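Enquirer: Okay, handing you the structure first.
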Amino acid sequence: MFENMSWGKTNRIYQIVNQRDDRCLMLAIDHGYFMGPTHGMETPRQDTLKLITHIDALMLSPGILTSCIDPHWRSVGWVLRATGGNSILDEDIDNESLILQAEEAVRMNASGVAVSIYVGAEHQHQTLINLSNMINQAAKFDLPVLGVTAVGKRLSDKREKRYLSLASRIAAEYGADIVKTYYCEGFEEVVTKCPVPIVVAGGARLNTPRDVLELTYNAIQCGAIGVDMGRNIWQYEYPAAILQAVKAIIHGKASVKEAADILESQSVASNCRKPLFEAGDENIKD
Ligand code: R5P
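Just so we're aligned, residue 0 is where the sequence shown starts under numbering that gives the first Met the number 0, counting upward by one.
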């Protein structure tokens, strides 16, 4: 799948993607870079430790890596968020710049870096140039780049195949090694029109855990190599249980029914998230 890459880039890619099946279960915990202490991820060090054995890679911001991840510890890949510059208090979140340089990411032993693009948004141009700049920098270090097709607030209804095909293809044309986008009706077309592998984001919390399993299953059936999922894991009552169910679909070829059985069997007290703070709808709607 990742042919024609240098040794260094191939090695880093396979810190993110499981070499046994070329699939990827990436757990996102980078939300704080614009959302602050997001519900379910308030204490990244403790939260991450409980889930890390079930995943291939973490997607996280540089500060969470250096403050919450033990440097002695290395069993998964990490993809560092490299763009930011605003917060949910802004009218929209597309006014982004690079907040991390490739050289710094390599110093932190990153497996890859993630750059968001906001196609069709007010700051489309600058976010595409962010992607281009990072791809040029990263090439010097054989560092993989994950192109993230973000929508922001104003374009949040754009999660449909025509738009996602456009944004994903643009990210690939610039040279992203993997594209992260949203699942949509007709997703197979988005995958087919994108020449590099795709992982899907989960987005805001779905109504039921079965919806999460169906999203994962359908995305894989349509050709995605995996997920880069955050809130639908962290904010579920039993994060380790739903993560294992998602993993069974991605790496174990499980059906939705089989994954739901795993979810049920793992929904036990030891996997239960202990809410530290009260969370209202306003904490989980974004
Ligand atoms: C944006 O907040 C980040 O890139 C997230 O990592 C990404 O959206 C995936 O997380 P979620 O599944 O919560 O959307």
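Glycine included, each C-beta is placed from N, C-alpha and C at the ideal position. None of these values were measured; they are calculated from a predicted model.
Between the alpha carbons of residue 113 and residue 80, how many angstroms are there, rounded?
Expert: Going from the Cα of residue 113 to the Cα of residue 80 covers about 5 Å.
Enquirer: Below 8 Å between beta carbons: does that hold for residue 130 and residue 11?
Expert: No; because the gap between Cβ atoms is not below 8 Å, this pair is not in contact.
Enquirer: For residue 165, which residues from the same chain have a beta carbon less than 7 Å from its beta carbon, with the 5 sequence-adjacent residues on both sides left out?
Expert: Around residue 165: 118.
Enquirer: List in chain order: all unbroken beta strand (DSSP E) runs of 3+ residues lying wholly within the region 41-79.
Expert: Complete beta strand (DSSP E) runs here, min 3: 56-59.
Enquirer: In chain order, what residues have a CB nearer than 5 Å to some heavy atom of the ligand R5P?
Expert: Qualifying residues come out as 27, 29, 30, 200, 201, 202, 228, 229, 230.
Enquirer: Give a yes or no on whether the C-beta atoms belonging to residue 289 and residue 204 are separated by under 8 Å.
Expert: Since the first residue shown for the chain is 0 and the last is 285, residue 289 is missing from the structure and cannot be characterised.
Enquirer: Hey, is the region 156-174 in contact with the region 23-36, meaning 3+ C-beta pairs nearer than 8 Å?
Expert: No: the two stretches stay apart, fewer than three of their Cβ pairs being nearer than 8 Å.
Enquirer: Can you find the residues in the same chain that come closer than 7 Å, C-beta to C-beta, to residue 276, ignoring five residues on each side of it along the sequence?
Expert: Excluding sequence neighbours, residue 276 sits near 41.
Enquirer: On the DSSP bridge list, what partners appear for residue 23?
Expert: According to DSSP, residue 23 bridges with 225.
Enquirer: Verify whether the separation of the beta carbon atoms of residue 190 and residue 151 is less than 8 Å.
Expert: No.
Enquirer: Measure the C-alpha to C-alpha separation of residue 266 and residue 140 and round it to an integer number of angstroms.
Expert: Going by the C-alpha atoms only, they are around 42 Å apart.
Enquirer: Determine which residues share a DSSP beta bridge with residue 145 and list them.
Expert: Looking at the DSSP assignment, residue 145 forms a beta bridge with 113, 177.
Enquirer: Can you give the beta carbon distance from residue 215 to residue 248, rounded, assuming they're within the 8 Å contact cut?
Expert: Contact holds; Cβ gap of about 5 Å.
Enquirer: Relative to the ligand GTP, is the shortest distance from any of its heavy atoms to the C-beta of residue 267 smaller than 7 Å?
Expert: Of the ligands this structure carries, namely the ligand R5P, none is the ligand GTP.
Enquirer: DSSP on residue 83, reduced to helix/strand/coil?
Expert: Looking at residue 83 - three-state DSSP - the assignment turns out to be strand.
Enquirer: Going by the beta-carbon positions, is the gap between residue 181 and residue 202 smaller than 8 Å?
Expert: Going by C-beta atoms, residue 181 is nearer than 8 Å to residue 202.
Enquirer: In its own chain, which residues sit with a C-beta less than 6 Å from the C-beta of residue 67, not counting the 5 before and 5 after it?
Expert: Closer than 6 Å at the Cβ level, and outside the excluded window around residue 67, lie 43, 44.
Enquirer: So does the region 18-28 actually touch the region 223-233, counting three or more Cβ pairs closer than 8 Å?
Expert: With the cut-off at 8 Å, the region 18-28 and the region 223-233 touch.
Enquirer: State the Cα-Cα distance for the pair residue 126 and residue 155, rounded to the nearest angstrom.
Expert: The alpha-carbon atoms of residue 126 and residue 155 are separated by roughly 17 Å.
Enquirer: For residue 273 and residue 73, I'd like the C-alpha separation in whole angstroms.
Expert: About 26 Å.
Enquirer: Buried or exposed: where does residue 88 fall if 16 or more other Cβ atoms within 10 Å of its Cβ makes it buried?
Expert: Classification of residue 88: exposed, given that the 10 Å Cβ count is below 16.
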